[in-house]
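Each remark here refers to the structure printed beneath this line.
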DNA sequence: GCCAACGTTGGC
DNA sequence: GCCAACGTTGGC
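In the numbering used here, the protein residues as written are 1 to 160.
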C-alpha cells in the first residue's frame with residue numbers, strides 16, 4: 001500500500017475579505033495575493049493535491065479556525081502579479097521567472113463551531129502549534145498531524 | 001487605533 | 001553584508 005504522504009496546513013484569511021462562507025459558496029478559489037517568501041515556498045515546494053487545510057480567520061472577532069479545505073491544484077504562477085491594476089502587482093516579476101506562486105483551495109466543511117485562538121492557546125496539547133506562538137504572522141504554515149486531529153476534536157468535527 | 005513582531009528595502 | 005528606516009500583520 002502506498003504510504004500516506006498527505007500534509008496538513010493552516011492558511012489565514014481575513015473574513016472581511018474572504019471567509020469560510022465565501023469558500024463554501026464558491027467551492028474553490030485561487031489562493032492569490034501571498035507575498036511572503038516563506039509562505040510561497042510552502043505552497044511551491046511542499047503542498048500536494050488533497051493535503052488538508054485548516055482555514056483560519058485572522059483579524060476577526062474572535063480570530064480562530066473556521067473550516068476545512070483541501071489543496072486542489074498543483075502550484076502555479078499567481079496571475080495577479082502580472083496585472084498592473086491589481087493590488088498584488090509585482091513589476092519585478094516576469095512570466096519567464098514568476099516570483100509568486102499559488103495553489104487552488106477547495107471547500108471541505110465549515111466546522112460545527114469556530115475554534116477561537118484563545119482556546120488554541122489555552123490547550124497544552126497545542127503549545128507547540130505555530131499559530132499559537134507569539135508574533136506568528138506566517139499566513140501559510142505547516143500543521144503537525146497530531147495538532148490537526150486535536151483541533152478537529154475541539155471543534156466537534158468528524159476525524160479525517 | 002495601538003503597537004509588538006517581523007519582513008523588506010536601500011544606503012553605505 | 002550590515003543595519004536603520006519603513007511597511008505590514010494581526011492580536012488586542
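Positions of the beta carbon are idealized from the N, C-alpha and C atoms, including for glycine.
Quick caveat, the model's predicted, so the values are computed rather than measured.
Beta-carbon proximity check, residue i vs residue j, cutoff 8 Å
i: residue 13; j: residue 58; result: yes
i: residue 163; j: residue 54; result: In the structure displayed, the chain extends from 1 to 160; residue 163 sits before or after that span and is not available.
i: residue 28; j: residue 88; result: no
i: residue 129; j: residue 120; result: yes
i: residue 30; j: residue 104; result: yes
i: residue 150; j: residue 114; result: no
i: residue 123; j: residue 102; result: no
i: residue 109; j: residue 157; result: yes
i: residue 11; j: residue 140; result: yes
Per-residue burial, residue i [other beta carbons within 10 Å of its own, 16 or more giving buried]
i: residue 70; result: buried
i: residue 64; result: buried
i: residue 80; result: buried
i: residue 95; result: exposed
i: residue 51; result: buried
i: residue 155; result: buried
i: residue 147; result: buried
i: residue 48; result: exposed
i: residue 45; result: exposed
i: residue 75; result: buried
i: residue 7; result: buried
Residues sharing a beta bridge with residue i, DSSP
i: residue 104; result: 30
i: residue 140; result: 11
i: residue 163; result: The structure shown does not extend to residue 163, since the chain is modelled only from 1 through 160, so no value can be given for it.
i: residue 57; result: 13, 64
i: residue 130; result: DSSP output for residue 130 lists no bridge partner at all.
i: residue 218; result: The chain is shown only over 1 to 160; residue 218 falls outside these bounds and no answer can be derived.
Element boundaries [alpha helix (DSSP H), containing residue i]
i: residue 152; result: 145-155
i: residue 121; result: 117-122
i: residue 40; result: 37-45
First and last residue of the uninterrupted beta strand (DSSP E) at residue i
i: residue 12; result: 8-13
i: residue 66; result: 64-71
Of the listed residues the options, nearest to residue i (C-alpha basis)
i: residue 37; options: 150, 159, 158, 138; result: 138
i: residue 112; options: 136, 98, 153; result: 153
i: residue 142; options: 17, 39, 72, 93; result: 39
i: residue 43; options: 133, 145, 93, 72; result: 72
i: residue 15; options: 61, 145, 106, 26; result: 61
i: residue 17; options: 97, 32, 6, 5; result: 32
i: residue 145; options: 159, 133, 136; result: 159
i: residue 20; options: 93, 41, 106; result: 106
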